[in-house]
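Asker: Whatever position you read off the sequence shown (first residue = 1), add 163 for my numbering.
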Amino acid sequence: MAKISLGICCMEEKLKCNVMKYFIKKLKEYNELEIVEFDSNTIFKVPIQEWPIVDSFLSFYSNGFPLDKAIEYWELRRPYLVNDLQLQLLLQDRQKVNKILEANDIPCPKSLYVLRDPITNNLITPNFNQSEDYIEVNGNRIYKPFIEKPFNSDDHNNYIYYPKSQGGGCRKLFRKVGNNSSDYFGDINTIREKGSYTYEEFLKIDDFKDVKIYSTKSFSYSELRKSPSVDGYVERTAMGKEKRSVTNLSDQEVNISYKINKAFKQFVCGFDILRVNGISYVCDVNGWSFVKGDHYKTFYDSTSKLLFEKLLNHFKNRNTIINHTNTVQSCSIGVAENAPQPSSTNTSPEQPNFDFSPSSSPTNLYPSSSSPLFNLNHNNNNNNNNNRNNNQNNLTVTTPPHFDLISSSAYDNHQDIFSHHIRVYNHQNPNYNNNNNIFSTISSLSVNDSFTGSAT
Numbered sequence: 164m165a166k167i168s169l170g171i172c173c174m175e176e177k178l179k180c181n182v183m184k185y186f187i188k189k190l191k192e193y194n195e196l197e198i199v200e201f202d203s204n205t206i207f208k209v210p211i212q213e214w215p216i217v218d219s220f221l222s223f224y225s226n227g228f229p230l231d232k233a234i235e236y237w238e239l240r241r242p243y244l245v246n247d248l249q250l251q252l253l254l255q256d257r258q259k260v261n262k263i264l265e266a267n268d269i270p271c272p273k274s275l276y277v278l279r280d281p282i283t284n285n286l287i288t289p290n291f292n293q294s295e296d297y298i299e300v301n302g303n304r305i306y307k308p309f310i311e312k313p314f315n316s317d318d319h320n321n322y323i324y325y326p327k328s329q330g331g332g333c334r335k336l337f338r339k340v341g342n343n344s345s346d347y348f349g350d351i352n353t354i355r356e357k358g359s360y361t362y363e364e365f366l367k368i369d370d371f372k373d374v375k376i377y378s379t380k381s382f383s384y385s386e387l388r389k390s391p392s393v394d395g396y397v398e399r400t401a402m403g404k405e406k407r408s409v410t411n412l413s414d415q416e417v418n419i420s421y422k423i424n425k426a427f428k429q430f431v432c433g434f435d436i437l438r439v440n441g442i443s444y445v446c447d448v449n450g451w452s453f454v455k456g457d458h459y460k461t462f463y464d465s466t467s468k469l470l471f472e473k474l475l476n477h478f479k480n481r482n483t484i485i486n487h488t489n490t491v492q493s494c495s496i497g498v499a500e501n502a503p504q505p506s507s508t509n510t511s512p513e514q515p516n517f518d519f520s521p522s523s524s525p526t527n528l529y530p531s532s533s534s535p536l537f538n539l540n541h542n543n544n545n546n547n548n549n550n551r552n553n554n555q556n557n558l559t560v561t562t563p564p565h566f567d568l569i570s571s572s573a574y575d576n577h578q579d580i581f582s583h584h585i586r587v588y589n590h591q592n593p594n595y596n597n598n599n600n601i602f603s604t605i606s607s608l609s610v611n612d613s614f615t616g617s618a619t
C-alpha cells in the first residue's frame, strides 16, 4: 500500500510549539504515513495551485491564519479532511457557536444577543433595554451578574457586571499577562456601547474552578484550573506553568463531550464547562486546542494512534489492508460486508447549511446519516489475556438505527486520566459482559446520530 500523505497546515507558531512537535513525532512513527508540513512561506506567499498535493489534510485556525485560503485549497484538491474547515468559520462567532449548542441540546448558560452595525455602530437588535441590574431583549431579561462576550471569538476581553447588591462594578477578563488574567473596576456599571455581544448568566461555579476538556470522538481528557473570574490571580506551579489538575468527567459531561465533537466535526475539539451544583454547562468552544498539562504526551500518544487508525480505515481500499499491530488493546476491527465503504475519490464530510439570520426558519443542521456503530464481543476474564496474544476479541462494525453511549474509564493503560466513549447498540448485545474488567462503565446515555434544531 502506498503511503498516506497527511498535510498539516496551521500558523508557524502552532506548528513549531513543543506539543505539536511531539504530536507530529508520534505520527511519523507510523511508516504508512508521510507527514507534509506547510510552512509560513507556502501558506502566505505561494498560490494554492502550487501547494503540496496530499491525500489528507489537517488544518486548524488560530489568530492570523488565512482560513479562507485553506478552504480554497481543499475545494481545489479535495483531500480527506481531518478537521471540518467550514465549521471553523462558525467557531469564530460566539453567537453562532451558542446557536449550534442550543440546537443540539447541549446545556449552556442562558444568553441574550445584542447586535450593532459594524460600520455605523447603530443598534440592530430590536426592543433592547438596559436598567441598573438587568438587560432586556424582546421581553427576555438577564439579571446581573452577567458576562458580556464579543461575538468575535478571537477577542478575549470579556466583562462581568455585578448587581448593586454585590457592590456593582465590572471585572474585565483578558488573556493572561504574567500572573494576572482580570482586573476589577468599581465605577463601570453599564455595558459597552460599541460592537456586538452575547450576554450570559454568570453562574456561581463549584470550587471556583472551570473545566478544560479536550474531546476526540473516542475519548476525552479534562483538567481543572482556577477560574479567572475569581480574582484574576493565576496559580502557577514551581516550574512556572499554570496550575492544573486532572479531573474525571461525569455521565452528563461524557455525553456533552461526544456531542460537541460530533457537532463541530473537529478531530480534537477543546471546550470549557462550568460545574454548578452538580450540573455542567458549556461556556466556550475553541475548536482545535492543545493539551497544556503534564499529561500532554499521554494524550498525544493516544491521539496520534487514533488519527492513524482513522486514516488507515478511510484509505484501506486504495490497495491492500495493512495488518498493523499497534491497535487498541483487547479488540480488533472488522468491517461488515454491508457496511458503508469509502469512495475511491477523497471527499469531505457533508457540509451543513446554516442560516443565522433573524428571519431564518428551523433547519436541520445535521442531516441524518448511517454512521457505523460498534457491537463489542467479549470473552470472559479468564480468556482475555490469551485472546490478546492471539487474534484478540472481535469488534464488528454494523449499522443499527441508533446507539447508546457509555463511557469506559478503563479502556487502556491511561485509565486514570481518560474518559472513553464506547458505543454499544441498545446494551442488548448478548456477548457484551458488564463484568469484563476491560470496560468500566460509567453510565448509559442515549444519543441521536443526527443533531437537529432551530438556528434562529
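C-beta atoms are modelled at their ideal positions from N, C-alpha and C, and glycine is treated no differently.
Can you tell me whether Lys327 is helix, strand or coil according to DSSP?
Answerer: Position 164 of the sequence shown holds residue 327. Of the three classes helix, strand and coil, the one that applies to Lys327 here is helix, per DSSP.
Asker: Figure out for me which residue from Lys273, Pro313, Lys307 has the closest Cα to the Cα of Pro281.
Answerer: Taking the first residue of the sequence shown as position 1, residue 281 is located at position 118. Of Lys273, Pro313, Lys307, the residue nearest in Cα terms is Pro313.
Asker: Where does the unbroken alpha helix (DSSP H) through Val199 begin, and where does it stop?
Answerer: What you label residue 199 is simply residue 36 of the sequence shown in a count that begins at 1. Under the DSSP assignment, Val199 falls outside any alpha helix (DSSP H), being part of the beta strand (DSSP E) whose first and last residues are 196–201.
Asker: Do Thr410 and Ser381 have their C-beta atoms within less than 9 Å of each other?
Answerer: Within the sequence shown, residue 410 is the residue found at index 247, counting from 1. Within the sequence shown, residue 381 is the residue found at index 218, counting from 1. The answer is no: Cβ separation not under 9 Å.
Asker: Alpha carbon to alpha carbon, what distance is there between Ser392 and Asn261?
Answerer: One-based indexing of the sequence shown puts residue 261 at position 98. One-based indexing of the sequence shown puts residue 392 at position 229. Answer to the nearest angstrom: the Cα atoms are 21 Å apart.
Asker: Taking the beta carbon of Gly330 as the centre, do at least 16 other beta carbons fall within 10 Å, making it buried, or is it exposed?
Answerer: Residue 330 sits at position 167 when you count from the first residue of the sequence shown. Under this definition Gly330 is an exposed residue.
Asker: Within 10 angstroms of its Cβ, does Ile436 collect 16 or more other Cβ (buried), or is it exposed?
Answerer: Numbered from its first residue, the sequence shown carries residue 436 at position 273. Its Cβ being crowded by 16 or more others within 10 Å, Ile436 is buried.
Asker: To the nearest angstrom, how far is it from the Cα of Glu363 to the Cα of Gln251?
Answerer: Position 200 of the sequence shown, counting from 1, holds the residue named residue 363. Position 88 of the sequence shown, counting from 1, holds the residue named residue 251. Their Cα atoms are separated by approximately 22 Å.
Asker: How is Thr205 classed by DSSP in three states: helix, strand or coil?
Answerer: In the sequence shown, residue 205 corresponds to position 42, counting from 1. Residue state, collapsed to three classes: helix.
Asker: Pro242 and Tyr444 look like a contact to me (Cβ under 8 Å); what is the Cβ gap, rounded to whole Å?
Answerer: Taking the sequence shown and counting its residues from 1, one reaches residue 242 at position 79. Taking the sequence shown and counting its residues from 1, one reaches residue 444 at position 281. With 8 Å as the limit, Pro242 and Tyr444 do not qualify as a contact, their Cβ atoms being about 36 Å apart.
Asker: Taking all protein chains shown into account, do 16 or more other C-beta atoms lie within 10 angstroms of the C-beta of Ser531, making it buried, or fewer, making it exposed?
Answerer: As a position in the sequence shown, residue 531 is number 368, starting the count at 1. Note that Ser531 scores 29 on pLDDT, short of 50, meaning its location in the model is unreliable and no value can be drawn from it.
Asker: Beta-carbon within less than 8 Å of Tyr463's beta-carbon, same chain only, minus the 5 sequence neighbours each way: which residues are those?
Answerer: Here the question's residue 463 lines up with position 300 in the sequence shown. Cβ-Cβ distances below 8 Å link Tyr463 to Val182, Tyr185, Phe186, Lys189, Val454 in the same chain, with the five nearest sequence neighbours on each side left out; the list follows chain order.
Asker: Give the straight-line distance between the Cα atoms of Ile263 and Leu253, rounded to the nearest whole angstrom.
Answerer: Start at 1 with the first residue of the sequence shown, and residue 263 comes out as number 100. Start at 1 with the first residue of the sequence shown, and residue 253 comes out as number 90. Taken atom to atom, the span from the alpha-carbon of Ile263 to that of Leu253 is near 9 Å.
Asker: Out of curiosity, what's the CA-to-CA distance linking Leu275 and Thr361?
Answerer: Walking along the sequence shown from the start, residue 275 turns up at place 112. Walking along the sequence shown from the start, residue 361 turns up at place 198. Taking the straight line from one Cα to the other gives about 6 Å.
Asker: Assuming Gln258 and Leu239 are in contact, meaning their beta carbons sit under 8 Å apart, how far apart are those beta carbons, in whole angstroms?
Answerer: On the sequence shown, residue 258 is found 95 positions in, with the first residue counted as 1. On the sequence shown, residue 239 is found 76 positions in, with the first residue counted as 1. Contact flag wrong, Cβ pair sits at about 31 Å.
Asker: Bridge partners for Gln293 per DSSP, in chain order?
Answerer: As a working note, residue 293 is residue 130 in the sequence shown. Paired residue(s): Ile298.
Asker: Would the stretch 421–435 and the stretch 397–408 be scored as touching if the rule is three or more Cβ pairs under 8 Å?
Answerer: no
Asker: Per DSSP, which residues does Lys460 bridge with? Please list them.
Answerer: As a first step, residue 460 is located in the sequence shown; it is residue number 297 there, counting from the start. Paired residues: none, contrary to the question.
Asker: Going straight from the alpha carbon of Phe478 to that of Ile167, what length do you get?
Answerer: As a position in the sequence shown, residue 478 is number 315, starting the count at 1. As a position in the sequence shown, residue 167 is number 4, starting the count at 1. When rounded, the distance between both Cα atoms is 8 Å.
Asker: From Pro229 to Ser328, what does the alpha carbon distance come to, in whole angstroms?
Answerer: The count along the sequence shown starts at 1 and reaches residue 229 at position 66. The count along the sequence shown starts at 1 and reaches residue 328 at position 165. Rounded to the nearest angstrom, the two C-alpha atoms are 46 Å apart.
Asker: Please classify Glu176: is it buried, with 16 or more other beta-carbons within 10 angstroms of its beta-carbon, or exposed?
Answerer: Residue numbering aside, residue 176 sits at position 13 when the sequence shown is read from its first letter. By the 10 Å Cβ count, Glu176 comes out exposed.
Asker: Using C-beta distances below 7 Å, list every residue in its chain close to Glu200, excluding the 5 sequence neighbours before and after it, in chain order.
Answerer: As a position in the sequence shown, residue 200 is number 37, starting the count at 1. So the list reads Ile171, Leu178, once near-sequence residues are dropped.
Asker: Just curious, the alpha helix (DSSP H) that Arg388 is in, first and last residue?
Answerer: Within the sequence shown, numbered from 1, the residue matching residue 388 stands at position 225. Per DSSP, Arg388 belongs to no alpha helix (DSSP H); it is in the beta strand (DSSP E), 382–389.
Asker: For the beta strand (DSSP E) that contains Val245, what are its first and last residues?
Answerer: The residue you call residue 245 lines up with position 82 of the sequence shown. No beta strand (DSSP E) contains Val245, which DSSP labels as neither H nor E.
Asker: Can you give me the C-alpha to C-alpha distance between Thr205 and Val217, rounded to a whole angstrom?
Answerer: Translated into the one-based positions of the sequence shown, residue 205 becomes position 42. Translated into the one-based positions of the sequence shown, residue 217 becomes position 54. If you take the alpha carbons of Thr205 and Val217, they lie about 14 Å apart.
Asker: Taking 9 Å as the cut-off, decide whether the C-beta atoms of Ser465 and Cys432 are in contact.
Answerer: Residue numbering aside, residue 465 sits at position 302 when the sequence shown is read from its first letter. Residue numbering aside, residue 432 sits at position 269 when the sequence shown is read from its first letter. Taking 9 Å as the Cβ cut-off, Ser465 and Cys432 do not qualify as a contacting pair.
Asker: Taking the alpha-carbon positions, what's the Ser420 to Ser383 distance?
Answerer: Taking the sequence shown and counting its residues from 1, the one referred to as residue 420 is at position 257. Taking the sequence shown and counting its residues from 1, the one referred to as residue 383 is at position 220. Using only the alpha carbons, I get a separation of about 7 Å.
Asker: Mind checking which residues open and close the beta strand (DSSP E) that includes Ser363?
Answerer: As a first step, residue 363 must be located in the sequence shown, where it is residue number 200. The question names Ser, but residue 363 is Glu in the sequence shown. From DSSP, the beta strand (DSSP E) with Glu363 extends over 360–364.
Asker: So which of Gln255, Pro215, Arg304, Lys357 has the shortest CA-CA distance to Asp231?
Answerer: Position 68 of the sequence shown, counted from the start, is the residue given in the question as residue 231. Taking only the C-alpha atoms, the option nearest Asp231 is Gln255.
Asker: Going by the CB atoms, is the gap between Arg334 and Tyr347 shorter than 9 Å?
Answerer: Translated into the one-based positions of the sequence shown, residue 347 becomes position 184. Translated into the one-based positions of the sequence shown, residue 334 becomes position 171. Result yes, Cβ atoms of Tyr347 and Arg334 sit closer than 9 Å.
Asker: What does a CB cutoff of less than 7 Å around Lys460 pick up in its chain, not counting 5 residues either side in sequence?
Answerer: Position 297 of the sequence shown, counting from 1, holds the residue named residue 460. If we look at Lys460 and ignore the five residues flanking it on each side, its Cβ neighbours are Tyr185.
Asker: Taking Cβ positions, are Asn321 and Ile310 nearer each other than 9 Å?
Answerer: Here residue 321 refers to the residue found at position 158 of the sequence shown. Here residue 310 refers to the residue found at position 147 of the sequence shown. The Cβ-Cβ distance between Asn321 and Ile310 falls below 9 Å.
Asker: Rounded to whole angstroms, what's the CA-CA distance from Val340 to Leu475? Just pull it up for me.
Answerer: The residue you call residue 340 lines up with position 177 of the sequence shown. The residue you call residue 475 lines up with position 312 of the sequence shown. In a straight line, the C-alpha of Val340 is about 43 Å away from that of Leu475.
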